[in-house]
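Residue numbers (the UniProt record's numbering): 1 to 368.
(1) Identify every residue that forms a DSSP beta bridge with residue 24.
(2) In the DSSP assignment, find the beta strand (DSSP E) that holds residue 185 and state where it starts and stops.
(3) Tell me which residues share the same chain as residue 264 and place their Cβ nearer than 8 angstroms to its Cβ, disregarding the 5 neighbours each side in the sequence.
(4) Could you give the distance in angstroms between the alpha-carbon of residue 350 and the alpha-carbon of residue 25?
(5) Using 8 angstroms as the threshold, is the C-beta distance between residue 243 and residue 226 below it?
(6) In chain order, what residues of the same chain have a beta carbon less than 6 angstroms from the beta carbon of residue 48, not counting five sequence neighbours either side?
(7) Buried or exposed, going by whether 16 or more other CB atoms sit within 10 Å of the CB of residue 231?
(8) Just the Cα atoms here: how many angstroms apart are residue 368 and residue 339?
(9) At which residues does the beta strand (DSSP E) containing residue 237 begin and terminate?
(10) Let me check one thing: in DSSP terms, what residues is residue 16 bridge-paired to?
(11) In the DSSP assignment, what are the bridge partners of residue 155?
(12) In the DSSP assignment, find the unbroken alpha helix (DSSP H) run with residue 87 in it and report its ends.
(13) The alpha helix (DSSP H) that contains residue 167, what's its start and end?
(14) Answer yes or no: do residue 123 and residue 136 have a C-beta to C-beta separation smaller than 8 angstroms?
(15) With a threshold of 7 angstroms on Cβ separation, who are the neighbours of residue 6 within its own chain once the five nearest residues in sequence on each side are excluded?
(16) In whole angstroms, give me the CA-to-CA distance for residue 310 and residue 296.
(17) Per the contact definition of three or more C-beta pairs closer than 8 angstroms, is the region 34-53 in contact with the region 162-173?
(18) Contact defined as beta carbons within less than 8 angstroms: I believe residue 238 pairs with residue 221. What is the distance between those atoms, to the nearest angstrom?
(19) Give the secondary structure of residue 71 by DSSP, where H, G and I count as helix, E and B as strand, and everything else as coil.
(20) Quick test of the definition: if touching needs 3 or more C-beta pairs under 8 angstroms, does the region 316-335 touch the region 99-106?
(21) Kindly indicate which three-state DSSP category residue 194 falls into: helix, strand or coil?
(22) Once DSSP output is grouped into helix, strand and coil, what is the label at residue 115?
(23) Quick check on DSSP: helix, strand or coil for residue 48?
(24) By Cβ distance, which residues of its chain are closer than 6 angstroms to residue 192, with the 5 residues on each side in sequence left out?
(25) Taking contact to mean 3 or more Cβ pairs, one atom from each stretch, closer than 8 angstroms, check whether the region 74-85 and the region 302-319 are in contact.
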């Protein structure tokens, strides 16, 4: 097995190709995006955007690497996945710091995400030998039939920025367990974590070329979806982008698509509820991951007879939430993903204050 070391910096090697973390030179025909570290509020690097030519080449290389991995019996593939889980657990603290730097979330929350990711690899490694073995059926007249599970081939994955390591694992673990190769495109807002996962996979014994990371924007995602070597696509992100991905996956050949899209969740409190429990749940459902979660309770409906009591208790609990450097364990809320998103959220807050019949809270941003 290859040794594993968690890289400390976001300013180099944001591609993972041929089993290695790589820095690629910006092609003359390509563009770049800013690599922003939310915790310090600064651009720390420029990353070349993969043009269609590079995406196509990586897909071709993944297609070449996949058959050998796919022919390995599920039990042997499972051993690699279980080793991945072990390496993640052994390096959980360093990976949590990496995730916190990439995304801006509390290092304590990041640690839970990393441990959950190890559980995901353990789960798929555990079930692969049983669910992928196929079945045998006896038929009348001395006949029989059997089923056999075969991998799709190369799977294209496009990830989200709010849980960059975890959403990557949710896509990659089942794909690898089934014998597929993966070409992964992270969000340009959080490009680093899938590269860290690539190094874990390498250390666990995954063959070179089976897992690849390319960086880019919507055009890169479009090239990935339209590539004919990509046999299936998985995406986590916004509804509008999900619609675009569905269209792109049907342009040349209709390929299966899995979409996990944004939501607008409602939180409802009736008068017979335990108010204290409801308040604590509302805090969790709105402040977790800086509120940057598709299932967060962005709308709270409270029965009129208890609204004053609920709001008063909610105010007190909000005052206890500590906002600050996400690498300091005492802080509950870290940094938003970038300034554009912060300004968007501030706009929502200002609009809510104007529309409300009373002031709920006073904004006290640490950096203002």
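Beta carbons are placed, not taken as given, at the ideal position from N, Cα and C, and that holds for glycine.
The answer reads as follows:
(1) Residue numbering aside, residue 24 sits at position 24 when the chain shown is read from its first letter. Answer by DSSP bridge pairing: none, since residue 24 is not bridged.
(2) As a working note, residue 185 is residue 185 in the chain shown. Per DSSP, residue 185 belongs to the beta strand (DSSP E) from 181-185.
(3) Your numbering for residue 264 matches position 264 in the chain shown. Excluding residues within five positions, the ones whose Cβ falls inside 8 angstroms are 298, 299.
(4) By 1-based counting over the chain shown, the position of residue 350 is 350. By 1-based counting over the chain shown, the position of residue 25 is 25. Using only the alpha carbons, I get a separation of about 43 angstroms.
(5) As a position in the chain shown, residue 243 is number 243, starting the count at 1. As a position in the chain shown, residue 226 is number 226, starting the count at 1. Result no, Cβ atoms of residue 243 and residue 226 do not sit closer than 8 angstroms.
(6) Within the chain shown, the letter at position 48 stands for residue 48. 24, 26, 30, 32, listed in sequence order.
(7) Start at 1 with the first residue of the chain shown, and residue 231 comes out as number 231. Counting Cβ neighbours within 10 Å, residue 231 comes out buried, since at least 16 surround it.
(8) Counting from one through the chain shown, the residue named residue 368 turns up at place 368. Counting from one through the chain shown, the residue named residue 339 turns up at place 339. Because the pLDDT of residue 368 is 48, which lies under 50, any placement of that residue in the model is unreliable, and the number read from its coordinates should be weighed accordingly. In a straight line, the C-alpha of residue 368 is about 13 angstroms away from that of residue 339.
(9) Counting from one through the chain shown, the residue named residue 237 turns up at place 237. First-last of the beta strand (DSSP E) with residue 237: 230-237.
(10) On the chain shown, position 16 is the one that residue 16 refers to. DSSP, once it has assigned bridges, lists 21, 213 as partnering residue 16.
(11) For the purposes of this step, residue 155 is taken as residue 155 along the chain shown, with counting starting at 1. DSSP, once it has assigned bridges, lists 182, 232 as partnering residue 155.
(12) By 1-based counting over the chain shown, the position of residue 87 is 87. From DSSP, the alpha helix (DSSP H) with residue 87 extends over 74-90.
(13) Within the chain shown, numbered from 1, the residue matching residue 167 stands at position 167. 164-177 is the extent of the alpha helix (DSSP H) around residue 167.
(14) Taking the first residue of the chain shown as 1, we reach residue 123 at position 123. Taking the first residue of the chain shown as 1, we reach residue 136 at position 136. Not closer than 8 angstroms, so no.
(15) Within the chain shown, the letter at position 6 stands for residue 6. Answer for residue 6: 91, 94, 95, 98, 196, listed in chain order.
(16) As a first step, residue 310 is located in the chain shown; it is residue number 310 there, counting from the start. As a first step, residue 296 is located in the chain shown; it is residue number 296 there, counting from the start. Their backbone Cα atoms lie some 19 angstroms apart in a straight line.
(17) no
(18) Position 238 of the chain shown, counted from the start, is the residue given in the question as residue 238. Position 221 of the chain shown, counted from the start, is the residue given in the question as residue 221. The Cβ separation is near 12 angstroms, so there is no contact.
(19) Here the question's residue 71 lines up with position 71 in the chain shown. Looking at residue 71 - three-state DSSP - the assignment turns out to be helix.
(20) yes
(21) Taking the first residue of the chain shown as 1, we reach residue 194 at position 194. Residue state, collapsed to three classes: helix.
(22) Taking the first residue of the chain shown as position 1, residue 115 is located at position 115. In the structure shown, residue 115 sits in a helix (DSSP, three-state: H, G or I).
(23) Residue mapping note: residue 48 aligns to position 48 of the chain shown, counting from 1. Residue state, collapsed to three classes: strand.
(24) Translated into the one-based positions of the chain shown, residue 192 becomes position 192. The residues are 10, 102.
(25) no
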